[in-house]
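One structure is given below, encoded as structure tokens.
Protein chains: 2
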Amino acid sequence: MTLRLHNFFRSSTSTRLRAALNLKGLGYEYVPYALRKGETRTPDYLAMNPAGLVPVLERADGTVLTQSLAIIEWLDERHPEPPLLPPDPDGRARVRSLAYMIACEIHPLNNLRVLGYIGETFGADEAATKAWFTHWVCETFDALEKTLSGSPETGGYCHGDAPGLADICLYAQVWNNRRFDIETERWPTIARIFAALDALPAFRDAAPPNQPDAA
Amino acid sequence: MTLRLHNFFRSSTSTRLRAALNLKGLGYEYVPYALRKGETRTPDYLAMNPAGLVPVLERADGTVLTQSLAIIEWLDERHPEPPLLPPDPDGRARVRSLAYMIACEIHPLNNLRVLGYIGETFGADEAATKAWFTHWVCETFDALEKTLSGSPETGGYCHGDAPGLADICLYAQVWNNRRFDIETERWPTIARIFAALDALPAFRDAAPPNQPDAA
Numbered sequence: 001m002t003l004r005l006h007n008f009f010r011s012s013t014s015t016r017l018r019a020a021l022n023l024k025g026l027g028y029e030y031v032p033y034a035l036r037k038g039e040t041r042t043p044d045y046l047a048m049n050p051a052g053l054v055p056v057l058e059r060a061d062g063t064v065l066t067q068s069l070a071i072i073e074w075l076d077e078r079h080p081e082p083p084l085l086p087p088d089p090d091g092r093a094r095v096r097s098l099a100y101m102i103a104c105e106i107h108p109l110n111n112l113r114v115l116g117y118i119g120e121t122f123g124a125d126e127a128a129t130k131a132w133f134t135h136w137v138c139e140t141f142d143a144l145e146k147t148l149s150g151s152p153e154t155g156g157y158c159h160g161d162a163p164g165l166a167d168i169c170l171y172a173q174v175w176n177n178r179r180f181d182i183e184t185e186r187w188p189t190i191a192r193i194f195a196a197l198d199a200l201p202a203f204r205d206a207a208p209p210n211q212p213d214a215a
Numbered sequence: 001m002t003l004r005l006h007n008f009f010r011s012s013t014s015t016r017l018r019a020a021l022n023l024k025g026l027g028y029e030y031v032p033y034a035l036r037k038g039e040t041r042t043p044d045y046l047a048m049n050p051a052g053l054v055p056v057l058e059r060a061d062g063t064v065l066t067q068s069l070a071i072i073e074w075l076d077e078r079h080p081e082p083p084l085l086p087p088d089p090d091g092r093a094r095v096r097s098l099a100y101m102i103a104c105e106i107h108p109l110n111n112l113r114v115l116g117y118i119g120e121t122f123g124a125d126e127a128a129t130k131a132w133f134t135h136w137v138c139e140t141f142d143a144l145e146k147t148l149s150g151s152p153e154t155g156g157y158c159h160g161d162a163p164g165l166a167d168i169c170l171y172a173q174v175w176n177n178r179r180f181d182i183e184t185e186r187w188p189t190i191a192r193i194f195a196a197l198d199a200l201p202a203f204r205d206a207a208p209p210n211q212p213d214a215a
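These protein sequences, in sequence, are chains A and B.
Each step along the first sequence adds one to the number in UniProt numbering, with nothing skipped, and position 61 is 61.
Each step along the second sequence adds one to the number in UniProt numbering, with nothing skipped, and position 4 is 4.
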């Protein structure tokens with residue numbers, strides 16, 4: 001299977017998918033798009049993904065998969081080893097819940113198109129944009145820290161001692177936070193897990209600065 | 001199994017979970033919270049869910065599940081009939097992608113706490129709030145309409161002829177849109193699917209106006 005990953009080095013959802021592909025040991029062709037230049041808004045791109053978003057995973061037959069979390073679940077079903085979700089429904093619910101705290105409560109508010117919109121519509125300057133970004137990170141990371149630190153199910157990673165879906169989201173979000181100089185000291189469990197993930201080649205190789213289109 | 005649903009009639013994520021519970025034929029005790037009165041920010045509520053969000057599904061043993069999509073996946077694993085996801089990985093990826101278009105691109109930007117924040121921080125008045133809400137709905141519903149109308153996999157519902165996870169998200173979002181008088185004529189496929197869903201008791205009984213705490 002030849003896979004092509006349509007993505008952008010700094011995109012948090014792209015980082016998630018790169019980490020998942022690396023964990024699964026799947027090679028892929030890296031196809032970069034400069035979001036700020038509108039390269040995902042061209043007719044060709046919109047024909048592939050009407051939402052105009054990255055990442056898109058294209059398969060050898062030309063069919064495509066969209067939405068990072070849907071693609072990661074697909075990868076986990078098609079390539080079960082190593083698993084990115086626990087085997088038991090309760091564990092799976094916990095990991096998905098941790099992942100969605102980031103994917104549904106932080107990232108959608110803090111991606112490039114939203115930051116652009118608050119600048120254009122509400123005149124948010126750099127300081128106001130940073131305040132907006134930081135507010136949504138703190139709202140959820142404070143709750144995530146409590147959830148992780150208060151649970152015996154948290155191990156070396158978010159759930160036990162193998163990295164999975166929640167770790168993938170956490171890792172990508174911490175990188176995203178660095179764009180606004182938000183460091184993780186405030187959240188010791190998140191900081192500890194991030195450091196453990198960052199020591200793994202599958203994650204490190206997925207990090208924004210290590211991509212071919214990194215500035 | 002006795003389930004308690006901690007939720008709010010108008011919350012879109014609560015509507016999703018009510019529809020899923022109804023489709024599975026699972027009864028539950030309805031526990032309402034007035035979000036505007038801060039009833040999900042009390043110490044007791046935060047002890048149950050540190051994120052302070054609805055819905056929460058509490059089981060007979062007092063353990064809780066959070067994040068609507070994680071709970072719905074759990075319900076689907078624990079109570080497989082009728083399935084809310086197709087049996088094949090490609091179909092599951094498609095349905096999850098449609099669901100996440102709504103759950104990760106529209107709803108997080110348009111929930112009560114975000115609308116409150118743009119009012120307080122950027123001084124958005126009613127017209128500006130409506131413009132914000134409408135912008136994010138249209139961005140994704142335009143793409144969703146293209147995706148649904150252009151695919152032979154779309155049937156009476158989002159994927160074939162049985163309602164599932166994507167329909168649950170679509171149904172809840174269309175109800176949410178009505179708060180700002182956004183009607184669905186602009187998106188004929190979405191409108192058709194919503195009408196089909198609204199004719200099903202499982203969905204109709206989950207709709208905001210049909211809840212005990214509806215204003």
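Every residue, glycine too, gets a C-beta built ideally from N, C-alpha and C.
Since we're looking at a predicted model, the values are computed, not measured.
Per-residue burial, residue 51 of chain B [other beta carbons within 10 Å of its own, 16 or more giving buried]: Counted from its first residue, the second sequence places residue 51 of chain B at position 51. Residue 51 of chain B comes out buried.
Where residue 153 of chain A sits in the DSSP three-state scheme: Against the first sequence, residue 153 of chain A aligns to sequence position 153. If DSSP states are grouped into helix, strand and coil, residue 153 of chain A belongs with coil.
Exposure label - residue 108 of chain B; buried when at least 16 CB within 10 Å: Numbered from 1 along the second sequence, position 108 holds the residue referred to as residue 108 of chain B. Its Cβ being crowded by 16 or more others within 10 Å, residue 108 of chain B is buried.
Residues that DSSP places opposite residue 65 of chain A in a beta bridge: For the purposes of this step, residue 65 of chain A is taken as residue 65 along the first sequence, with counting starting at 1. BP columns for residue 65 of chain A point to A/57.
Chain-ordered chain B contacts of residue 173 of chain A [CB-CB under 8 Å]: Within the first sequence, residue 173 of chain A is the residue found at index 173, counting from 1. Going along chain B, no residue has its Cβ under 8 Å from residue 173 of chain A, so there is no contact; the nearest lies around 13 Å.
DSSP beta-bridge partners of residue 137 of chain A: One-based indexing of the first sequence puts residue 137 of chain A at position 137. Its beta-bridge partners do not exist; DSSP assigns none.
Close beta carbons around residue 54 of chain A, own chain, < 8 Å, minus the five adjacent residues each side: The sequence position of residue 54 of chain A within the first sequence is 54, counting from 1. Closer than 8 Å at Cβ, skipping near neighbours: 6, 7, 8, 11, 13, 14, 33, 35, 40.
CB contact below 8 Å: residue 137 of chain A versus chain B: Residue numbering aside, residue 137 of chain A sits at position 137 when the first sequence is read from its first letter. Answer no: the Cβ-Cβ gap between residue 137 of chain A and chain B never drops below 8 Å.
Straight-line gap, residue 171 of chain B to residue 71 of chain B (C-alpha atoms, nearest Å): Translated into positions along the second sequence, residue 171 of chain B becomes position 171. Translated into positions along the second sequence, residue 71 of chain B becomes position 71. Taking the straight line joining both Cα atoms gives about 17 Å.
Exposed unless 16 or more other CB atoms sit within 10 angstroms - verdict on residue 164 of chain A: One-based indexing of the first sequence puts residue 164 of chain A at position 164. That one is buried.
Where residue 49 of chain A falls, given that 16 or more other Cβ within 10 Å makes a residue buried: Mapped onto the first sequence, residue 49 of chain A falls at position 49. That one is buried.
Contact between the segment 98-112 of chain A and the segment 190-198 of chain A (3+ Cβ pairs under 8 Å): Because the criterion of three Cβ pairs below 8 Å is not met, the segment 98-112 of chain A and the segment 190-198 of chain A do not touch.
Interfacial residues, the segment 2-23 of chain B to chain A, with Cβ spacing under 8 Å: none
For residue 167 of chain A and residue 197 of chain A, believed in contact at Cβ under 8 Å, the rounded distance: On the first sequence, residue 197 of chain A is found 197 positions in, with the first residue counted as 1. On the first sequence, residue 167 of chain A is found 167 positions in, with the first residue counted as 1. 6 Å between Cβ atoms; contact.
Neighbourhood of residue 212 of chain A by C-beta distance below 7 Å, restricted to the same chain and skipping five residues each side: As a first step, residue 212 of chain A must be located in the first sequence, where it is residue number 212. Shown here for residue 212 of chain A: same chain residues with a beta carbon closer than 7 Å to its own, the five before and five after excluded, namely 30, 32 in chain order.
Cutoff 8 Å: residue 154 of chain B Cβ touching any chain A Cβ: Mapped onto the second sequence, residue 154 of chain B falls at position 154. Answer no: the Cβ-Cβ gap between residue 154 of chain B and chain A never drops below 8 Å.
Three-state class that DSSP yields for residue 200 of chain B in the structure shown: By 1-based counting over the second sequence, the position of residue 200 of chain B is 200. Looking at residue 200 of chain B - three-state DSSP - the assignment turns out to be coil, as it is neither helix nor strand.
C-alpha gap between residue 74 of chain A and residue 186 of chain A, whole angstroms: Stepping through the first sequence from its first residue, residue 74 of chain A is reached at position 74. Stepping through the first sequence from its first residue, residue 186 of chain A is reached at position 186. For residue 74 of chain A and residue 186 of chain A, the distance between alpha carbons rounds to 34 Å.
Residues of the segment 99-131 of chain B with Cβ closer than 9 Å to any Cβ of chain A, in chain order: Answer set for the segment 99-131 of chain B: 99, 100, 101, 103, 104, 105, 106, 107, 108, 109, 113, 114, 117, 118, 121, 122, 123, 124, 128, 131.
Residue 182 of chain A at chain B interface by Cβ criterion, 8 Å: Numbered from its first residue, the first sequence carries residue 182 of chain A at position 182. Residue 182 of chain A does not count as touching chain B.
Residue 132 of chain B and residue 106 of chain B closer than 8 Å at C-beta: Here residue 132 of chain B refers to the residue found at position 132 of the second sequence. Here residue 106 of chain B refers to the residue found at position 106 of the second sequence. No, Cβ-Cβ distance for residue 132 of chain B and residue 106 of chain B is not below 8 Å.
Backbone secondary structure at residue 84 of chain A - three-state DSSP: Along the first sequence, one-based indexing puts residue 84 of chain A at 84. If DSSP states are grouped into helix, strand and coil, residue 84 of chain A belongs with coil.
Minimum Cβ-Cβ distance from residue 51 of chain B to chain A less than 8 Å: Against the second sequence, residue 51 of chain B aligns to sequence position 51. Interface residue, yes.
Residue 89 of chain B and residue 81 of chain A closer than 8 Å at C-beta: Counting from 1 along the second sequence, the entry for residue 89 of chain B is found at position 89. Counting from 1 along the first sequence, the entry for residue 81 of chain A is found at position 81. Going by C-beta atoms, residue 89 of chain B is not nearer than 8 Å to residue 81 of chain A.
Residue-level contact to chain A via CB, residue 151 of chain B, 8 Å cutoff: Taking the first residue of the second sequence as position 1, residue 151 of chain B is located at position 151. For residue 151 of chain B, the answer is no, since every Cβ of chain A falls outside 8 Å of its Cβ.
Beta carbon proximity, residue 74 of chain B to chain A, threshold 8 Å: Translated into the one-based positions of the second sequence, residue 74 of chain B becomes position 74. Chain A contact via Cβ: present.
Any 3 or more C-beta pairs closer than 8 Å across the segment 136-155 of chain B and the segment 87-101 of chain B: The segment 136-155 of chain B makes contact with the segment 87-101 of chain B, as at least three CB pairs between them are under 8 Å.
Candidates A/22, A/140, A/21, A/26: closest to residue 100 of chain A by CA position: Taking the first sequence and counting its residues from 1, one reaches residue 100 of chain A at position 100. Considering only alpha carbons, the answer is A/140.
Supposed contact pair residue 144 of chain A and residue 57 of chain A - C-beta distance, whole angstroms, cut 8 Å: On the first sequence, position 57 is the one that residue 57 of chain A refers to. On the first sequence, position 144 is the one that residue 144 of chain A refers to. Not a contact, Cβ separation roughly 27 Å.
Distance, residue 129 of chain A Cα to residue 199 of chain A Cα: The residue given as residue 199 of chain A occupies position 199 in the first sequence. The residue given as residue 129 of chain A occupies position 129 in the first sequence. Distance between the alpha carbons of residue 199 of chain A and residue 129 of chain A is about 31 Å.
Proximity test, Cβ basis, 8 Å: residue 67 of chain A and chain B: What you label residue 67 of chain A is simply residue 67 of the first sequence in a count that begins at 1. Closer than 8 Å: yes.
Residue 208 of chain B beta carbon less than 8 Å from that of residue 202 of chain B: The residue given as residue 202 of chain B occupies position 202 in the second sequence. The residue given as residue 208 of chain B occupies position 208 in the second sequence. No, the pair does not count as a contact, with Cβ atoms beyond the cut-off.
DSSP beta-bridge partners of residue 7 of chain B: Position 7 of the second sequence, counted from the start, is the residue given in the question as residue 7 of chain B. When DSSP reads this structure, residue 7 of chain B sits in a beta bridge with B/32.
Buried versus exposed call for residue 60 of chain B [16 or more other C-beta atoms within 10 Å across all chains shown]: Residue mapping note: residue 60 of chain B aligns to position 60 of the second sequence, counting from 1. When all chains shown are included, residue 60 of chain B counts as exposed.
Residue 45 of chain A versus residue 83 of chain A - alpha carbon distance: Within the first sequence, the letter at position 45 stands for residue 45 of chain A. Within the first sequence, the letter at position 83 stands for residue 83 of chain A. Each residue's Cα considered, the two are about 31 Å apart.
Chain A within 8 Å of residue 71 of chain B, Cβ atoms only: Residue numbering aside, residue 71 of chain B sits at position 71 when the second sequence is read from its first letter. Yes, residue 71 of chain B lies at the interface with chain A (some Cβ there is under 8 Å from its Cβ).
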